[in-house]
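Participant: In my numbering, the protein residues as written are 885 to 1071.
#1: Is residue 979 helix, strand or coil when you go by DSSP?
#2: Kindly list the residues whose CB is nearer than 8 Å to the CB of residue 948, restricted to its own chain and excluding five residues on each side of it in sequence; keep chain order.
#3: In angstroms with no decimal places, state the Cα-to-Cα distance between residue 1015 and residue 1037.
#4: Consult DSSP for residue 1031 and reduce its assignment to one of helix, strand or coil.
#5: Span of the alpha helix (DSSP H) holding residue 924?
#6: Let me know if residue 1032 comes out buried or exposed under the rule of 16 or more other beta-carbons within 10 Å of its beta-carbon.
#7: Is the number of C-beta pairs between the region 925-939 and the region 953-963 that are closer than 8 Å three or more?
#8: Give the secondary structure of residue 962 by DSSP, where H, G and I count as helix, E and B as strand, and everything else as coil.
#9: In the DSSP assignment, find the alpha helix (DSSP H) that holds residue 1048 and state where it starts and stops.
#10: Measure the C-alpha to C-alpha separation of residue 1019 and residue 944 and round it to an integer number of angstroms.
#11: Is residue 896 helix, strand or coil when you go by DSSP?
#12: Under 9 Å, Cβ to Cβ, is there at least one residue of chain C near residue 1018?
Below, the structure written as structure tokens:
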């Protein structure tokens, strides 16, 4: 009895049985199938996902987001990556999602208005940020900041100034592009 040894097959059996017992005790909860969840909870979670994505990407259509979430099992990260890569597919015409909770009272005319980017409810950036007075500022102005400030108000003012400069630069580029197109079509 002093020379008792555990054989290799016996040790393997003990490890397999103990592994199965541990798995059964700690990881045996039956997964809840999606169909067992109440449909209200599913719709609510889907709407929350759509709202989160639309907060990040307001230019993306709600229908396209819903279609992509439906196709990839509700994975927000995959949908976000597709939007960033520009690979968000347009949903089929047959997909008619229910209206968003906040839009339930809107009529069909508001749905047609969302398709047009030039709707009167959205002012242009020049109007929105009150930049009409800065339109005549010369392009050659360089406002080099002194760097990142530790004062919150100075940082905010610097960021707003940079935002305004970017909007005005984009406006100048667009006006130059339109003028170049007019010259090209006019000659």
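In this text, a Cβ means the ideal position worked out from N, Cα and C, and glycines have one as well.
Facilitator: Let's see:
#1: Counting from one through the chain shown, the residue named residue 979 turns up at place 95. DSSP places residue 979 outside both helix and strand once states are collapsed to three, so it counts as coil.
#2: In the chain shown, residue 948 corresponds to position 64, counting from 1. Around residue 948: 972, 973, 974 and 975.
#3: Within the chain shown, residue 1015 is the residue found at index 131, counting from 1. Within the chain shown, residue 1037 is the residue found at index 153, counting from 1. Within the model, the alpha-carbon separation for residue 1015 versus residue 1037 is close to 20 Å.
#4: The count along the chain shown starts at 1 and reaches residue 1031 at position 147. In the three-state reduction of the DSSP assignment, residue 1031 falls in the coil class.
#5: Locating residue 924 in the chain shown gives position 40, where the first residue counts as 1. Taken as a continuous stretch (DSSP letters only), the alpha helix (DSSP H) holding residue 924 covers 923-940.
#6: As a working note, residue 1032 is residue 148 in the chain shown. With fewer than 16 other Cβ atoms within 10 Å, it is exposed.
#7: Cβ pair count under 8 Å is three or more, so yes.
#8: Position 78 of the chain shown, counting from 1, holds the residue named residue 962. Helix.
#9: What you label residue 1048 is simply residue 164 of the chain shown in a count that begins at 1. Counting along the chain, the alpha helix (DSSP H) containing residue 1048 begins and ends at 1036-1070.
#10: Taking the first residue of the chain shown as position 1, residue 1019 is located at position 135. Taking the first residue of the chain shown as position 1, residue 944 is located at position 60. If you draw a straight line from the Cα of residue 1019 to the Cα of residue 944, it is about 30 Å long.
#11: By 1-based counting over the chain shown, the position of residue 896 is 12. Residue 896 sits in a helix when the DSSP states are folded into three classes.
#12: Reference to chain C is not applicable here, since this structure consists of a single protein chain.
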